[in-house]
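First comes the structure, then the notes that go with it.
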Amino acid sequence: MKLLFLACLSPKTGNHTTAERIRSHIESHGHTCELRDAAEFQSPAEVANLISSNPTFEGALAIHLFRAGRLLLDIQVPFGVIFGGTDINEDVKVEQKRVVMEQVLQKARFAVAFTDKLKEDAELYLLSQRSKIYVQPQGIQTEVSEKFCWSEFLRSSDASIEHVDELRVFLLVCGLRRVKDPLYLVEVFSEWHCENPMNVLVIIGPKIDPVFTLEVEAVVKRTAGVFLAQERSQQELHAAMKRCFAVVNSSVSEGMSAAILEAMDLGVPVLARDIPGNAAVVQHEFTGLLYLSPLEFVHQSQRLLSDHKLRERVVRNGKLYVEEHHGLKQERETYRQLVDTLLGA
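1 is the number of the first residue of the sequence shown in full-length UniProt numbering; add one for each residue after it.
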């Protein structure tokens, strides 16, 4: 079976990584999966023309109900959709988008949610058959670059390289766009850094929103203790995560943060903003720490610094949680079964 797979493929983003991994699962079962960037297409008609002119396409798949799913509305082959996170957490608040996403969900053969909460919210905001939405957490796999140099990484980020081994680097992993809210902690962290100069915050991720990126760069440039790193390959990013003191998430909205799960898999503590998508995977004081405000972030960070038993506990339990709930084997089997439903459509 040949599938067209649409997703938002900005380089080095979680969406791109997820799409590549799911494509690999599908192709491991003998299917052909052509992954295309949703940004290539302006309308559903363009995708319909692509499929009708390529009769080898027997089905389609999309990540994100609005950005990619709407482009499948006019096709004549069966398709499935995977919730991205912002579609259910944010886009449903815009009635025009919500109506379109409802149409996509009604026409889809199946839908996949990363968490029970995303499934519940989709059922609440979008008219859908409960039996159509499956919950499949993201599968996680980490790989650390052996050539990665920590001191070079810090130097290139303009972070002080004196006393490198004494620095406590908090690594905020996110694409530079507003929904990730990378500036949320900056002011309070800078004040904390002035009291404790060994604590630094490094923001790393692709420049997705050019206008917002300029804003982030300007703020970071004038803020002590906060630095901006150039995006790296997945293996280099994982190496940086493994060397840092803690991985930070400050998003306004998340479907399921791959960076949080990757940090857990790498044995690194997680400090995550207390939002539904994060609370679905981070159990406070058990698999990581949650915070509701910038001041509480500092408080939880101080606990992580002073309470070694707490740190050991969240690291140990976080790794066990990922191994138990986010294995590639179950994810691969789920998508095999779902693609088979397209075949039998």
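Where is the CB? At the ideal position from N, CA and C, for every residue including glycine.
Below 8 Å on the Cβ atoms is my guess for residue i versus residue j; work out the distance and round it to an integer in Å.
i       : j       : result
Val-164 : Val-186 : About 23 Å separates the two Cβ atoms, so there is no contact after all.
Ala-229 : Thr-115 : 29 Å between Cβ atoms; not a contact.
Leu-105 : Ala-111 : 6 Å
Lys-119 : Val-135 : 5 Å
Relative to the alpha-carbon of residue i, which residue among the options has its alpha-carbon at the smallest distance?
i       : options                               : result
Lys-147 : Leu-124, Ala-7, Phe-170 and Gln-235   : Gln-235
Val-200 : Arg-273, Ala-239, Val-247 and Leu-266 : Val-247
Ser-257 : Leu-105, Lys-2, Arg-316 and Ile-140   : Ile-140
Arg-232 : Leu-304, Glu-152 and Leu-61           : Glu-152
Leu-72  : Phe-83, Lys-107, Arg-98 and Leu-228   : Lys-107
Arg-109 : Thr-86, Ile-88 and Ala-62             : Ala-62
Ile-275 : Ala-111, Lys-117, Val-77 and Ile-82   : Lys-117
Ser-52  : Val-77, Glu-331, Arg-98 and Gly-205   : Val-77
Gly-344 : Gly-80, Leu-214, Val-144 and Ala-45   : Gly-80
Asn-49  : Asp-307, Ile-75 and Lys-207           : Ile-75
Glu-40  : Ser-10, Glu-58, His-25 and Glu-333    : Ser-10
Trp-150 : Arg-168, Leu-342 and Tyr-134          : Arg-168
Ala-322 : Glu-120, Leu-266 and Leu-237          : Before going further, note that residue 322 is Val rather than Ala in the sequence given. Of Glu-120, Leu-266 and Leu-237, the residue nearest in Cα terms is Leu-266.
Lys-132 : Ile-82, Val-47 and Thr-213            : Ile-82
Roughly how many whole angstroms lie between the Cα atoms of residue i and residue j?
i       : j       : result
Val-92  : Ala-38  : 19 Å
Asp-340 : His-31  : 10 Å
Leu-338 : Lys-329 : 15 Å
Ala-68  : Lys-309 : 45 Å
Glu-331 : Ser-293 : 34 Å
Ala-239 : Ala-60  : 35 Å
Lys-97  : Leu-320 : 38 Å
Leu-126 : Gln-302 : 42 Å
Arg-130 : Lys-2   : 28 Å
Thr-334 : Thr-223 : 46 Å
Ile-208 : His-25  : 27 Å
Glu-102 : Glu-58  : 23 Å
Who are the near neighbours of residue i in its chain, counting only those whose CB is closer than 7 Å to its CB and skipping five residues on each side?
i       : result
Ala-272 : Asn-249, Ile-260, Asn-278, Val-282, Gly-288 and Leu-290
Arg-23  : Phe-5, Cys-33 and Leu-35
Glu-166 : Met-198
Val-100 : Phe-66 and Arg-70
His-326 : Pro-137, Gln-138, Gly-139, Ile-140 and Leu-261
Pro-182 : Leu-172, Cys-174, Leu-176, Ile-203, Val-216 and Ser-250
Arg-21  : Gly-139
When we look at the beta-carbon of residue i and count the other beta-carbons within 10 Å, is it buried (16 or more) or exposed?
i       : result
His-299 : exposed
Thr-142 : buried
Thr-18  : buried
Phe-286 : exposed
Lys-242 : buried
Cys-8   : buried
Gly-255 : buried
Val-211 : exposed
Gly-205 : buried
Lys-221 : exposed
Asn-15  : buried
Gly-94  : The displayed chain sequence assigns Val, not Gly, to residue 94. By the neighbour-count rule (16 or more Cβ atoms within 10 Å), Val-94 is not buried but exposed.
Ala-45  : exposed
Please list, in chain order, all residues of the same chain as residue i whose beta carbon is under 6 Å from its beta carbon, the five residues on each side excluded.
i       : result
Asp-336 : Residue 336 is actually Arg in this sequence, not Asp. Hits under 6 Å: His-29.
Phe-227 : Ser-157, Asp-158, Ala-159 and Val-202
Ser-253 : Thr-86, Asn-89, Glu-90 and Val-179
Gly-84  : Ile-63, His-64 and Gly-255
Which same chain residues, not among the five before or five after residue i, have their C-beta less than 8 Å away from its C-beta?
i           : result
Gly-225     : Phe-189, Ser-190, Trp-192, His-193, Cys-194, Pro-197, Asn-199, Val-200 and Leu-201
residue 347 : Outside the displayed range of the chain (1 to 345) lies residue 347, so it cannot be described from this structure.
Return yes when the C-beta of residue i is under 6 Å from any heavy atom of the ligand ZN, and no when it is not.
i       : result
Glu-254 : Among the components modelled here there is no ligand, and therefore nothing to report on the ligand ZN.
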